[in-house]
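**Student:** Protein chains in written order, with my numbering: chain G, 1 to 180; chain R, 181 to 328.
Virtual Cβ for every residue (Gly too), placed ideally from N, Cα, C.
Structure provided below as structure tokens; questions to follow.
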């Protein structure tokens, strides 16, 4: 007799997928926690999830970092209820720009430049992407540019802090049992 | 209670709270210091560059939307304009202007204080008077503080 249920399609899950999912879960948890923090100015956030992206970048390369970053943006916005809202597109633009910047920053000599440089550059790229989207789509007025100095200060400050945290995490090797 | 932190996050927390780590200065490489210095300088430079705003060069006084006078913002002076309920006094000083007094009951336009940016507006609605600063507008000449 024929089975009533359709045959199950099983997608093979590799070690890569598990590792990316694990880091992405950490990044999503951080961005959801961060959404609960009050902010003096809409759009100024510590961006703690980027610590995870930096760690992944250093440990597993740009491809994994891009996966984690973009999964974080999509799933994080779903969790907060922001999916496809303006904030989602701002976050997406910021994430894409900072990933592009991280790809460039990887070319810097590691002897001289560490995670802090990557973090600060990515933070600046992040606000750059957001301001561009905001200027072209959300607020089509040059008044948006008045906010740049504030955002730049925040990017420099939080970029440095996040970079230091990432550098510290990277300086302590992962435990053998959790290494993937 | 069983911990429900994601695996990766727990690992990171454990690493971050481990004792006897490197001092934070050791986490910065020479290039990082240089980049931080350059970034800080650029950020500081962006303030005067982007916050200069439109430079106001004249005060435009209107009653019922009709132009009454334009006052140049280079010499200090006072200007009195009559409205339906009394006299509104405009004070002009180099680079700025304000409503000095107004017969309106709530004094919103007086309390707004000095206007310094191009396209800033103070409206004394009860007396039908508005004071607006004009400047070399450029692309945003059509926007004022109400649009903003």
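Just to confirm my understanding: we take residue 110 of chain G, look at its own chain, exclude 5 residues before and 5 after, and list those with CB closer than 7 Å. What are they?
**Tutor:** For the purposes of this step, residue 110 of chain G is taken as the residue at position 110 of the first chain. Cβ within range, chain order: n/a, list empty.
**Student:** Beta carbon of residue 230 of chain R, beta carbon of residue 145 of chain G: below 8 Å?
**Tutor:** Position 50 of the second chain holds residue 230 of chain R. Position 145 of the first chain holds residue 145 of chain G. It is a contact, given that the beta carbons lie within the stated cut-off.
**Student:** Could you give the DSSP three-state label for residue 301 of chain R: helix, strand or coil?
**Tutor:** In the second chain, counting from the first residue as 1, residue 301 of chain R sits at position 121. Reduced to three states, the DSSP call for residue 301 of chain R is strand.
**Student:** For the segment 253-310 of chain R, which segments carrying the beta strand (DSSP E) assignment without a break, of at least 3 residues, lie completely within its bounds, in sequence order?
**Tutor:** Those beta strand (DSSP E) runs which fall completely within the segment 253-310 of chain R and span 3+ residues are 257-263, 266-273, 276-281 and 301-304.
**Student:** Kindly indicate which residue of G/118, G/44 and G/91 has the alpha-carbon position closest to the one of residue 103 of chain G.
**Tutor:** The sequence position of residue 103 of chain G within the first chain is 103, counting from 1. Measuring from the Cα of residue 103 of chain G, the nearest candidate turns out to be G/118.
**Student:** Is the segment 203-218 of chain R touching the segment 44-64 of chain G, taking contact as three or more C-beta pairs under 8 Å?
**Tutor:** The segment 203-218 of chain R vs the segment 44-64 of chain G: no contact.
**Student:** What residues are listed by DSSP as bridge partners for residue 238 of chain R?
**Tutor:** Within the second chain, the letter at position 58 stands for residue 238 of chain R. Paired residues: R/252 and R/314.
**Student:** Name, please, each residue of chain G whose Cβ falls closer than 7 Å to the Cβ of residue 301 of chain R.
**Tutor:** Numbered from 1 along the second chain, position 121 holds the residue referred to as residue 301 of chain R. Result: empty, since nearest Cβ-Cβ is about 15 Å, beyond 7 Å.
**Student:** Where residue 67 of chain G and residue 31 of chain G are concerned, what is the direct C-alpha to C-alpha distance, given to the nearest angstrom?
**Tutor:** Here residue 67 of chain G refers to the residue found at position 67 when the first chain is read from its first residue. Here residue 31 of chain G refers to the residue found at position 31 when the first chain is read from its first residue. So the two alpha carbons sit approximately 15 Å from each other.
**Student:** Let me know if residue 247 of chain R comes out buried or exposed under the rule of 16 or more other beta-carbons within 10 Å of its beta-carbon.
**Tutor:** Within the second chain, the letter at position 67 stands for residue 247 of chain R. Classification for residue 247 of chain R: exposed.
**Student:** Here's a check: name, in chain order, each residue in its chain whose Cβ is nearer than 6 Å to the Cβ of residue 114 of chain G, leaving out the five neighbours to either side.
**Tutor:** Counted from its first residue, the first chain places residue 114 of chain G at position 114. For residue 114 of chain G, where only same-chain residues beyond five positions count, the Cβ hits under 6 Å are 167.
**Student:** When the Cβ atoms of the segment 14-29 of chain G are set against those of the segment 130-141 of chain G, are three or more pairs found closer than 8 Å?
**Tutor:** At 8 Å Cβ cutoff, the stretches do not touch.
**Student:** My guess is that residue 263 of chain R and residue 286 of chain R are in contact by the Cβ rule of under 8 Å, so how many angstroms apart are they, rounded?
**Tutor:** As a working note, residue 263 of chain R is residue 83 in the second chain. As a working note, residue 286 of chain R is residue 106 in the second chain. The Cβ separation is near 15 Å, so there is no contact.
**Student:** Just to confirm before moving on: does the CB-CB distance between residue 311 of chain R and residue 239 of chain R stay below 8 Å?
**Tutor:** The sequence position of residue 311 of chain R within the second chain is 131, counting from 1. The sequence position of residue 239 of chain R within the second chain is 59, counting from 1. Closer than 8 Å, so yes.
**Student:** What's the gap between the Cα of residue 134 of chain G and the Cα of residue 96 of chain G?
**Tutor:** Taking the first residue of the first chain as position 1, residue 134 of chain G is located at position 134. Taking the first residue of the first chain as position 1, residue 96 of chain G is located at position 96. So the alpha carbons of these two residues sit roughly 15 Å apart.
**Student:** Within 8 Å of any Cβ in chain R, is that where the Cβ of residue 26 of chain G sits?
**Tutor:** Working through the first chain from its first residue, we reach residue 26 of chain G at position 26. Chain R contact via Cβ: present.
**Student:** Residue 120 of chain G: which of G/13, G/158, G/75 and G/8 sits nearest, CA to CA?
**Tutor:** The count along the first chain starts at 1 and reaches residue 120 of chain G at position 120. Considering only alpha carbons, the answer is G/158.
**Student:** Assign residue 6 of chain G to one of two classes, buried (16 or more other C-beta atoms within 10 Å of its C-beta) or exposed (fewer than that).
**Tutor:** Within the first chain, numbered from 1, the residue matching residue 6 of chain G stands at position 6. Result: exposed.
**Student:** Which residues in chain G have a C-beta closer than 7 Å to the C-beta of residue 217 of chain R? List them in chain order.
**Tutor:** As a first step, residue 217 of chain R is located in the second chain; it is residue number 37 there, counting from the start. Result: empty, since nearest Cβ-Cβ is about 11 Å, beyond 7 Å.
**Student:** With the cut-off set at 8 Å, would you say residue 278 of chain R and residue 266 of chain R are in Cβ contact?
**Tutor:** Within the second chain, residue 278 of chain R is the residue found at index 98, counting from 1. Within the second chain, residue 266 of chain R is the residue found at index 86, counting from 1. For residue 278 of chain R and residue 266 of chain R, no; Cβs fall outside 8 Å.
**Student:** Compute the minimum distance between the beta carbon of residue 266 of chain R and the heavy atoms of the ligand NAP, and state whether it is under 7 Å.
**Tutor:** The ligand NAP is absent from the structure shown, which contains no ligands of any kind.
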